[in-house]
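Asker: Read in my numbering, the sequence shown has 301 at position 301, and its numbers run on one by one without any break.
Glycine included, C-beta positions come from ideal geometry on N, C-alpha and C.
Since the structure is predicted, the reported quantities are computational estimates derived from the model, not experimental observations.
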Amino acid sequence: MNILIVGTGYVGTTTGVIFCEMGHRVTGLDLDDSKIQALQNGKLYFYEPGVEVLLTKHIQAQNIIFTKNTEKAIQENDVIFICVGTPKGTDGKADLTFVRNVAESIGQYMNTYKVIVTKSTVPVGTAELVTGWIASKQAGQIPFDVVSNPEFLREGSALQDALHPDRIIIGTESETAKSVMKELYQNFRCPIIETKAKVSEMIKYAANSFLAMKISFINELARVCDQLEINVNDVSKGIGLDHRIGPQFLRAGMGYGGSCFPKDVNALIQTAKENGHPLTILENVVKVNDEQPLFFIEKIKRYLDGELKNKTIAVLGLSFKADTDDTRESPSLKLIEKLAKEKAVIKAHDPVVKLDASQCRTVEETIAGADAVIICTDWEQYKQLDWKSLKPLMKAPLIFDGRNMLDPDEMKKLGFKYGGIGHF
Ligand code: UDX
Numbered sequence: 001m002n003i004l005i006v007g008t009g010y011v012g013t014t015t016g017v018i019f020c021e022m023g024h025r026v027t028g029l030d031l032d033d034s035k036i037q038a039l040q041n042g043k044l045y046f047y048e049p050g051v052e053v054l055l056t057k058h059i060q061a062q063n064i065i066f067t068k069n070t071e072k073a074i075q076e077n078d079v080i081f082i083c084v085g086t087p088k089g090t091d092g093k094a095d096l097t098f099v100r101n102v103a104e105s106i107g108q109y110m111n112t113y114k115v116i117v118t119k120s121t122v123p124v125g126t127a128e129l130v131t132g133w134i135a136s137k138q139a140g141q142i143p144f145d146v147v148s149n150p151e152f153l154r155e156g157s158a159l160q161d162a163l164h165p166d167r168i169i170i171g172t173e174s175e176t177a178k179s180v181m182k183e184l185y186q187n188f189r190c191p192i193i194e195t196k197a198k199v200s201e202m203i204k205y206a207a208n209s210f211l212a213m214k215i216s217f218i219n220e221l222a223r224v225c226d227q228l229e230i231n232v233n234d235v236s237k238g239i240g241l242d243h244r245i246g247p248q249f250l251r252a253g254m255g256y257g258g259s260c261f262p263k264d265v266n267a268l269i270q271t272a273k274e275n276g277h278p279l280t281i282l283e284n285v286v287k288v289n290d291e292q293p294l295f296f297i298e299k300i301k302r303y304l305d306g307e308l309k310n311k312t313i314a315v316l317g318l319s320f321k322a323d324t325d326d327t328r329e330s331p332s333l334k335l336i337e338k339l340a341k342e343k344a345v346i347k348a349h350d351p352v353v354k355l356d357a358s359q360c361r362t363v364e365e366t367i368a369g370a371d372a373v374i375i376c377t378d379w380e381q382y383k384q385l386d387w388k389s390l391k392p393l394m395k396a397p398l399i400f401d402g403r404n405m406l407d408p409d410e411m412k413k414l415g416f417k418y419g420g421i422g423h424f
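#1: So, is Ile281 buried or exposed, given that buried needs 16 or more other C-beta atoms within 10 angstroms?
#2: Excluding the five sequence neighbours on either side, which residues of its own chain have a C-beta within less than 6 Å of the C-beta of Thr366, listed in chain order?
#3: Near Pro165, what residues of its chain come up, given a Cβ to Cβ distance below 7 Å and the 5 sequence neighbours on each side ignored?
#4: Any heavy atom of the ligand UDX inside 8 Å of the beta-carbon of Ser259?
#5: May I have a chain-ordered list of the alpha helix (DSSP H) segments no shorter than 4 residues that lie completely inside the stretch 156-203?
#6: Measure the Cβ-Cβ separation of Val79 and Val117 and say whether it is below 9 Å.
#7: Any contact between the stretch 34-42 and the stretch 89-108? By contact I mean 3 or more CB pairs, one from each, below 8 Å.
#8: Leaving out five residues before and five after Ser259 in sequence, what residues of the same chain have Cβ atoms less than 6 Å from its Cβ?
#9: Closer than 8 Å to a non-hydrogen atom of the ligand UDX - does that hold for the CB of Gln248?
#10: Given Met22, which residues of its chain have a CB within under 7 Å of its CB, disregarding the five upstream and five downstream residues?
#11: Which class does Ser358 belong to by DSSP, given the choice of helix, strand or coil?
#12: Give me the Cα-Cα distance between Gly420 and Gly402, rounded to the nearest whole angstrom.
#13: Is the beta carbon of Phe66 less than 9 Å from the beta carbon of Gly28?
#14: By the DSSP assignment, the beta strand (DSSP E) with Thr118 in it spans what residues?
#15: Look up Asn111 in the DSSP assignment and say whether it is helix, strand or coil.
#16: Tell me where the alpha helix (DSSP H) around Tyr382 begins and ends.
#17: What's the C-alpha gap between Tyr185 and Ser174?
#18: Would Asp325 and Phe144 be called neighbours here (beta carbons separated by less than 9 Å)?
#19: Comparing alpha-carbon positions, which option in Ser209, Leu398, Asn149 and Thr176 lies nearest Ile192?
#20: What does a CB cutoff of less than 8 Å around Tyr303 pick up in its chain, not counting 5 residues either side in sequence?
#21: Short check: CB of Tyr205 to CB of Thr131, under 9 Å?
#22: Are the stretch 48-60 and the stretch 222-236 touching, with three or more C-beta to C-beta distances below 8 Å?
#23: In the DSSP assignment, the beta strand (DSSP E) including Leu316 goes from what residue to what residue?
#24: Going straight from the alpha carbon of Thr15 to that of Ile374, what length do you get?
#25: Can you tell me the Cα-Cα spacing of Ile18 and Ser330, whole angstroms?
#26: Taking the alpha carbon of Phe320 as the point to measure from, which residue in Leu163, Asp378, Leu406 and Thr126 has its own alpha carbon closest?
#27: Quick check on the DSSP output: the beta strand (DSSP E) that includes Asp145 runs from which residue to which?
#28: Val373 by DSSP, collapsed to three states: which one?
#29: Kindly give me the distance between the Cβ atoms of Ser120 and Cys83, rounded to whole angstroms, as I take these residues to be in contact under 8 Å.
#30: Where do the N-terminal and C-terminal ends of the alpha helix (DSSP H) with Lys72 fall, by residue?
#31: Quick check: Ile297 and Leu339, are their CB atoms within less than 9 Å of each other?
#32: Report back the beta-carbon spacing between Leu4 and Phe81 to the nearest angstrom; my notes put them in contact at under 8 Å.
#33: Tell me, please, which residues DSSP counts as bridged to Lys388.
#34: Within 10 angstroms of the Cβ of Pro87, are there 16 or more other Cβ atoms? Answer buried if so, exposed if not.
#35: For Leu31, which of helix, strand or coil comes out of DSSP?
#36: Between Ile336 and the ligand UDX, is there a pair consisting of the residue's CB and a ligand heavy atom that are separated by less than 8 Å?
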């Protein structure tokens, strides 16, 4: 099948190469020249493990091409995936400007029947809007169907998630579109749910919100655990083995960040409010998440005689989680902002993210002379550090583990004072 992917971010590009793997021909469309150039040369302009190898493979095999030519791209493809961004608008709702632009272009240029698929996370009712936007720009009446087919890819493991989805949701009432979608996904071994577009859109928001809720639950519980000197990791393990609860998304830490959870939880809260049924649970999920880095700072202050002013603090990790260069809504940045307000001297490191020239290049450089180290991102590299040989570089052997990734007993044996989140 000939597939057009509009928007070449980590979702669009990963989806594109996966469809190539499944034997389809893919065109990637983006308006940004530099992105198109990079991708056409087999180079990712973002960090996503494993994707570049497949990209190069399929460029060489001529299974995927990248273009800026909207008209030609729309006319030459049967199925069009909309994978553009839906950033948080000023009112907390998803901003659909990019989706609308794509839909209108499709209406303007389409010449034969098309299946248009929204993969971007979009509010309930968007498939209907997209239908209207396409129709409004059509000169004649060329038939088309709109399908909601949300992605569940995590940054950093997008490839694995795309290759091995837990389920595929196909939201449309058109039998023709359904059969096209099923053919597209015929090589995937997972349940396929066929439903209405608005149900599919809700499933996506509900899934992300539920996962965010698990994180806020364990983070808030960690505060009580801290008080009671209970290791929250042991509690996570104990409840996670109950298959009704499951072990995933119960890692206590500095809170969730990234391009999805913060935006999607807020968007669902807005939808619920507008429909007269506020989701108070989710409102509190957001509240706990916003407070979490501040809660951690208060704990850190207690170890530092109640003051951060003029203390040198080494921050390890800037991205919102490991294996990505994405810093959107990163708890690490919220923590840095607070440290700066309290007039701490901040030294920061990240293996991949480069924020500015003042950033340290190595962990050694970062922690040299530090009054305390704070681990903010769960990069494997930080787990593997030889803390014994790093200790003499620090002014004081104080470690705050915002991801509960080190072994507290081990660290204490090495002579560190150690504080995690509900973790001693
Ligand atoms: C998420 C969803 O998982 C994915 O299905 C959706 O398509 C996009 O949003 P992503 O934002 O890439 O993916 O990252 P994810 O691995 O889900 O983590 C989100 C945040 O939660 C990160 O900040 C992570 O550090 C945090 N997290 C996750 C925890 O604090 N504890 C956990 O147990 C799990």
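Answerer: Once the coordinates are examined:
#1: Position 281 of the sequence shown holds residue 281. Exposed: under 16 other Cβ atoms inside 10 Å.
#2: If you number the sequence shown from 1, residue 366 lands on position 366. Only Ala314, Lys347, His349 and Cys360 meet the Cβ criterion.
#3: Here residue 165 refers to the residue found at position 165 when the sequence shown is read from its first residue. Annotation for Pro165: Phe152, Phe188 and Cys190 place their beta carbon closer than 7 Å to its own, counting only its chain and skipping 5 residues before and after.
#4: Sequence index remark: in the sequence shown, residue 259 carries index 259 (1-based). Yes - the ligand UDX has a heavy atom lying nearer than 8 Å to the Cβ of Ser259.
#5: 158-163 and 175-184
#6: Residue numbering aside, residue 79 sits at position 79 when the sequence shown is read from its first letter. Residue numbering aside, residue 117 sits at position 117 when the sequence shown is read from its first letter. Closer than 9 Å, so yes.
#7: no
#8: Position 259 of the sequence shown, counted from the first residue, corresponds to residue 259. If we look at Ser259 and ignore the five residues flanking it on each side, its Cβ neighbours are Arg328.
#9: The residue labelled residue 248 in the question sits at position 248 within the sequence shown. Yes.
#10: For the purposes of this step, residue 22 is identified with residue 22 of the sequence shown, where counting begins at 1. Same-chain partners within the cutoff: Asn187.
#11: By 1-based counting over the sequence shown, the position of residue 358 is 358. In the structure shown, Ser358 sits in coil (DSSP, three-state: anything other than H, G, I, E or B).
#12: Counting from one through the sequence shown, the residue named residue 420 turns up at place 420. Counting from one through the sequence shown, the residue named residue 402 turns up at place 402. Looking at the two C-alpha atoms, the distance is approximately 6 Å.
#13: Here the question's residue 66 lines up with position 66 in the sequence shown. Here the question's residue 28 lines up with position 28 in the sequence shown. Closer than 9 Å, so yes.
#14: Locating residue 118 in the sequence shown gives position 118, where the first residue counts as 1. Where Thr118 is concerned, the enclosing beta strand (DSSP E) stretches over Lys114 to Thr118.
#15: Here residue 111 corresponds to residue number 111 of the sequence shown, with the count starting at 1. Coil at Asn111, not helix or strand.
#16: If you number the sequence shown from 1, residue 382 lands on position 382. From DSSP, the alpha helix (DSSP H) with Tyr382 extends over Glu380 to Lys383.
#17: Position 185 of the sequence shown holds residue 185. Position 174 of the sequence shown holds residue 174. Between Tyr185 and Ser174, the C-alpha separation is close to 17 Å.
#18: If you number the sequence shown from 1, residue 325 lands on position 325. If you number the sequence shown from 1, residue 144 lands on position 144. No, Cβ-Cβ distance for Asp325 and Phe144 is not below 9 Å.
#19: The residue you call residue 192 lines up with position 192 of the sequence shown. Out of Ser209, Leu398, Asn149 and Thr176, Asn149 has the C-alpha closest to the C-alpha of Ile192.
#20: Along the sequence shown, one-based indexing puts residue 303 at 303. Closer than 8 Å at the Cβ level, and outside the excluded window around Tyr303, lie Ala372, Leu398, Phe400, Lys417 and Gly419.
#21: Here residue 205 refers to the residue found at position 205 of the sequence shown. Here residue 131 refers to the residue found at position 131 of the sequence shown. No.
#22: no
#23: Position 316 of the sequence shown, counted from the start, is the residue given in the question as residue 316. Here the beta strand (DSSP E) through Leu316 covers Thr312 to Leu316.
#24: Residue 15 sits at position 15 when you count from the first residue of the sequence shown. Residue 374 sits at position 374 when you count from the first residue of the sequence shown. Going by the C-alpha atoms only, they are around 36 Å apart.
#25: For the purposes of this step, residue 18 is identified with residue 18 of the sequence shown, where counting begins at 1. For the purposes of this step, residue 330 is identified with residue 330 of the sequence shown, where counting begins at 1. One C-alpha to the other measures close to 28 Å.
#26: Here residue 320 corresponds to residue number 320 of the sequence shown, with the count starting at 1. Nearest C-alpha to Phe320: Asp378.
#27: Start at 1 with the first residue of the sequence shown, and residue 145 comes out as number 145. Phe144 to Ser148 is the extent of the beta strand (DSSP E) around Asp145.
#28: On the sequence shown, position 373 is the one that residue 373 refers to. It is a strand residue.
#29: As a first step, residue 120 must be located in the sequence shown, where it is residue number 120. As a first step, residue 83 must be located in the sequence shown, where it is residue number 83. Indeed they touch by this definition, with Cβ atoms about 6 Å apart.
#30: Counting from one through the sequence shown, the residue named residue 72 turns up at place 72. Taken as a continuous stretch (DSSP letters only), the alpha helix (DSSP H) holding Lys72 covers Thr70 to Gln75.
#31: Translated into the one-based positions of the sequence shown, residue 297 becomes position 297. Translated into the one-based positions of the sequence shown, residue 339 becomes position 339. Going by C-beta atoms, Ile297 is nearer than 9 Å to Leu339.
#32: Within the sequence shown, the letter at position 4 stands for residue 4. Within the sequence shown, the letter at position 81 stands for residue 81. Confirmed, Cβ separation roughly 7 Å.
#33: For this step, residue 388 is matched to residue 388 along the sequence shown. Note: Lys388 sits in no beta bridge, so no partner.
#34: On the sequence shown, residue 87 is found 87 positions in, with the first residue counted as 1. Its Cβ having fewer than 16 others within 10 Å, Pro87 is exposed.
#35: For this step, residue 31 is matched to residue 31 along the sequence shown. In this structure, Leu31 counts as coil in the three-state DSSP scheme.
#36: Residue mapping note: residue 336 aligns to position 336 of the sequence shown, counting from 1. No, since every heavy atom of the ligand UDX falls outside the 8 Å radius drawn around the Cβ of Ile336.
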